[in-house]
Amino acid sequence: MAETVHTVTNALKNWVKDIIYITDSTVTMFWINTEKKRLKIFVRNRVETIKRLIQWTDIKFDNIPIYHTPGVKNIADILTKKHVLSVDSVSSSSVWQTGHDWMKLPLDEMPVRSYTEVAISKEVVKEATKECMEQPFAL
6 MAETVHTVTN ALKNWVKDII YITDSTVTMF WINTEKKRLK IFVRNRVETI KRLIQWTDIK
66 FDNIPIYHTP GVKNIADILT KKHVLSVDSV SSSSVWQTGH DWMKLPLDEM PVRSYTEVAI
126 SKEVVKEATK ECMEQPFAL
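As numbered in our numbering, residues 6 to 144 make up the sequence shown, in order.
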């Protein structure tokens, strides 16, 4: 997502006014927003790349502008999860091309939540922590 946004903003330059990043992965949100846990090298490098690409878009922000939406509202699920697809699924008038109606709303009306608003379950923390290094000492 960050790579696509970076490429598109470079191509469209002044046409881009606002950018928000939306994911259905609470694990990814945990990794991007964690400073206390030491991520394993692969995940840490991916997280640093995401943060760097977001900064390179030249959009000013205080917090990383990543929001969560449930997977059923995530348009990317058409390609990343098992679905029965046809040519009509990606035609010019499809949701894949036009987006969901909620995507055209102002941010404060979208069905998305910031990291601080997302309740990270114990299961998600357990899953996300699998990619963290063991802490050698208790602090």
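Ideal Cβ placement from N, Cα and C applies to all residues, glycine included.
N-terminal and C-terminal residue of the beta strand (DSSP E) that residue i is part of
i	result
I71	71 to 73
T121	Per DSSP, T121 belongs to no beta strand (DSSP E) and is neither H nor E.
I25	I25 -> no beta strand (DSSP E), and no H or E assigned at all.
Outcome for residue i when other beta-carbon atoms lying within 10 angstroms are tallied against a minimum of 16
i	result
A148	What the structure shows of the chain is the stretch from 6 to 144, and residue 148 is not part of that stretch, so it cannot be assessed.
F47	exposed
W36	buried
A7	buried
H88	exposed
Extent of the continuous alpha helix (DSSP H) to which residue i belongs
i	result
T12	7 to 17
T39	No alpha helix (DSSP H) holds T39; DSSP gives it neither H nor E.
I46	46 to 61
T134	127 to 134
Residues near residue i in its chain [Cβ-Cβ closer than 6 Å; skip 5 each side]
i	result
T14	V21, T62
Cutoff 8 Å; reference residue i; Cβ partners in own chain excluding five residues on either side
i	result
L90	I83
V130	F35
F142	Any reading at F142 is ruled out, since the residue's pLDDT is 48, under 50, leaving its predicted position unreliable.
L58	A7, E8, V10, H11
L44	W36, V52, E136, C137, M138
K86	G76
Through-space distance from residue j to residue i, alpha-carbon basis
i	j	result
P75	K18	30 Å
K127	Y120	15 Å
S99	W107	15 Å
T134	R118	22 Å
K78	A124	18 Å
N68	D29	18 Å
S97	L110	21 Å
T5	R51	Residue 5 falls outside the range modelled here, since the chain spans only 6 to 144, and no answer is possible.
M115	K42	30 Å
T39	T33	10 Å
Cβ-based neighbour list, residue i, same chain, cut-off 7 Å, excluding 5 preceding and 5 following
i	result
I55	A7, I37
S94	I83, W101
R49	none
| Every unbroken alpha helix (DSSP H) within the region 73 to 104, with a cutoff of 4 residues, ordered by chain | The region 73 to 104 contains these whole alpha helix (DSSP H) runs: 82 to 85, 100 to 103.
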